[in-house]
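Asker: Sequential numbering from 11 applies to the sequence shown in this note's numbering. We put the beta carbon where it would ideally sit given N, CA and C, even for glycine.
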Amino acid sequence: MTWIDATSSLRGLGLRGDLLGIAIFAAALALRFAVDSRLPVGFPYLTFFPAVILTTFFFGLRPGIISAVLGGLAAWYFFILPFDSFALSGPAAIALGFYLFIVTVDIALIHAMHLLAEQLREEAGKQARMSEQRRTMFQELQHRVANNMQFVAALLSLYKRKAGNDPAAILGALDDASVRLQTISNLHRHLYDPANASRPIGEFLSQVCDGLVSTSGSPGIACRIDMPPRKFDLTQLTPLSLIVVEIVTNALKHAFPDGRGAIALSMTETPDGGAVLTVTDDGKGMPEAAAQGKSLGLRIVQNLTAQLGATVTYENAGPGTRVRIVLPPRKAAEA
């Protein structure tokens, strides 16, 4: 720590700093009187220059100016001819002009030094905060990458169990896994786009759903979104988005044999801070075996809802299927 840093608190004393500046001036005046008999004529400011410099350095601009003004007046009255008078002769004017020039330069230089030191401290603080943010973001990125790798590993494990030892089934599973992972990759581009960081859940899922419909090649299927302007952090938004991707993708594949229909996403908030996300389609309905969670996609949904501490239910809703995901209160989800 430098002297400038060490004295930064003294420069914020306010009125107490002014009083200390006056005290330093008084000490300089007393010292000047003490050595007056030993000095030749012509050194009226001998003790006042150091007083101004020390006051400005330790206590700041205003105390320094006060000390300089008092020192100049005292030297003028007591130590410049004619003594004990404020008479302004030619030599007195020259002496006072010299004093004014010197103390102005001293005060300006010291004040500029303080301002520069303050800027350097602020810049160092910004750099430290940025470094800490980068460290935190890197740790968060590592955590999210690890979670994503675990999800991919679990997904491939599910495909492995599904395919068994049938070579044809293995090839089909690899193709299906490739398509699903590409979909997940596209989703993550949306998730980690800074422009989407503060968007409400409805706007984000509307973009996701429209993208899935577009890539499915079924322009006759519409997405309808009815959600409150609620926002989720990435910890919740990532699995929640993957759940929606799985449900909507499953509906696009199986619910609309004629390529026409609608998928509706809605959310209602519960009094305890939780929420209920509902995905409904008006297609041909879900087979009973699929509703019991025997398909791969729905097993993935069950695993993802477990990550959120949520529950999922499926039901046939007249024409079509309704999927309800009950999300726990925010505090419970964070715990």
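At 3 residues or longer, what runs of the beta strand (DSSP E) sit wholly inside the segment 257-321?
Answerer: Listed in chain order, they are 271-279 and 285-291.
Asker: The beta strand (DSSP E) that contains A4, what's its start and end?
Answerer: Limits of the chain in this structure are 11 at one end and 345 at the other, which puts residue 4 out of reach.
Asker: Just to confirm my understanding: we take V218, look at its own chain, exclude 5 residues before and 5 after, and list those with CB closer than 7 Å. What are they?
Answerer: L197, H200, S251, V254 and V255.
Asker: Does the Cβ-Cβ distance between V8 and V289 come in under 8 Å?
Answerer: Outside the shown range of the chain, which is 11 to 345, sits residue 8, and nothing can be said about it.
Asker: Are L168 and R309 close, meaning C-beta to C-beta below 8 Å?
Answerer: Their beta carbons are under 8 Å apart, which means L168 touches R309 by this criterion.
Asker: By DSSP, does I235 sit in helix, in strand, or in coil?
Answerer: Correct three-state label for I235: strand.
Asker: Grouping DSSP H, G and I as helix and E and B as strand, with all else coil, what is N326?
Answerer: N326: strand per DSSP, three-state reduction.
Asker: How far does the beta strand (DSSP E) with L41 in it reach, from first residue to last?
Answerer: Run containing L41: none in the beta strand (DSSP E); it sits in the alpha helix (DSSP H), L25 to V45.
Asker: Contact between the segment 94-104 and the segment 126-143 is defined here as three or more beta-carbon pairs at a separation below 8 Å; is this criterion met?
Answerer: Touching, no.
Asker: Determine, using beta carbons only, whether L30 and F69 come nearer to each other than 8 Å.
Answerer: Yes. Within cutoff.
Asker: Could you give the residue range of the beta strand (DSSP E) that holds I90?
Answerer: Here I90 belongs to no beta strand (DSSP E), and DSSP marks it neither H nor E.
Asker: Determine, using beta carbons only, whether I231 and G271 come nearer to each other than 8 Å.
Answerer: In contact: I231 and G271 (Cβ atoms closer than 8 Å).
Asker: Does DSSP put T331 in a helix, a strand or coil?
Answerer: T331 falls in the strand class under three-state DSSP.
Asker: Alpha carbons only, please: which of P101, F214 and I75 is nearest the one belonging to V113?
Answerer: Ranking the options by Cα distance to V113, first place goes to I75.
Asker: Check whether the Cβ atoms of I227 and A265 sit closer than 8 Å, and answer yes or no.
Answerer: The sequence as given places Gly at residue 227; Ile does not occur at that position. Going by C-beta atoms, G227 is not nearer than 8 Å to A265.
Asker: CA-CA distance, P339 and A285?
Answerer: Approximately 7 Å between the Cα atoms of the pair.
Asker: How would you call T146, buried or exposed, if buried means at least 16 neighbouring beta carbons within 10 angstroms?
Answerer: That one is exposed.
Asker: Below 8 Å on the Cβ atoms is my guess for D291 versus T331; work out the distance and round it to an integer in Å.
Answerer: About 6 Å separates the two Cβ atoms, so the contact holds.
Asker: Alpha carbon to alpha carbon, how far is S47 from L41?
Answerer: Cα to Cα, the separation comes out at about 11 Å.
Asker: In three-state terms, what does DSSP make of V336?
Answerer: V336: strand per DSSP, three-state reduction.
Asker: Closest to L184 by CA distance: which of S195, K170, P50 and F58 is it?
Answerer: It is K170 whose Cα lies nearest to the Cα of L184.
Asker: So what's D176 in DSSP terms, helix, strand or just coil?
Answerer: If DSSP states are grouped into helix, strand and coil, D176 belongs with coil.
Asker: Within a Cβ cutoff of 6 Å, which residues of the same chain sit near L314, ignoring the five residues on either side of it in sequence?
Answerer: P249, L252 and I253.
Asker: Along the chain, where does the alpha helix (DSSP H) that runs through S226 open and close?
Answerer: Its alpha helix (DSSP H) spans residues I211 to S226.
Asker: Out of S305, F214, L222 and Y87, which has the shortest C-alpha to C-alpha gap to D236?
Answerer: The shortest Cα separation from D236 among S305, F214, L222 and Y87 belongs to F214.
Asker: According to DSSP, is D185 helix, strand or coil?
Answerer: In this structure, D185 counts as helix in the three-state DSSP scheme.
Asker: By DSSP, does T57 sit in helix, in strand, or in coil?
Answerer: Three-state result, T57: coil.
Asker: What is the rounded straight-line gap between the Cα of K263 and the Cα of S195?
Answerer: For K263 and S195, the distance between alpha carbons rounds to 19 Å.
Asker: When we look at the beta-carbon of F67 and count the other beta-carbons within 10 Å, is it buried (16 or more) or exposed?
Answerer: Classification for F67: buried.
Asker: Is the beta carbon of I90 sitting closer than 8 Å to the one on P50?
Answerer: No, the pair does not count as a contact, with Cβ atoms beyond the cut-off.
Asker: So, with DSSP's three-state summary, where would you put V51?
Answerer: Note: V51 maps to coil in three-state DSSP.
Asker: If distances are taken between C-alpha atoms only, which option among E128, A38, L110 and Q246 comes closest to R21?
Answerer: Here the closest residue by C-alpha is E128.
Asker: Assuming L191 and V162 form a contact by the criterion Cβ under 8 Å, report the distance between their Cβ atoms to the nearest whole angstrom.
Answerer: Right, their Cβ atoms sit about 7 Å apart.
Asker: Return the residue from the list M123, A84, F88 and A37 that minimises the CA-CA distance to L71.
Answerer: It is M123 whose Cα lies nearest to the Cα of L71.
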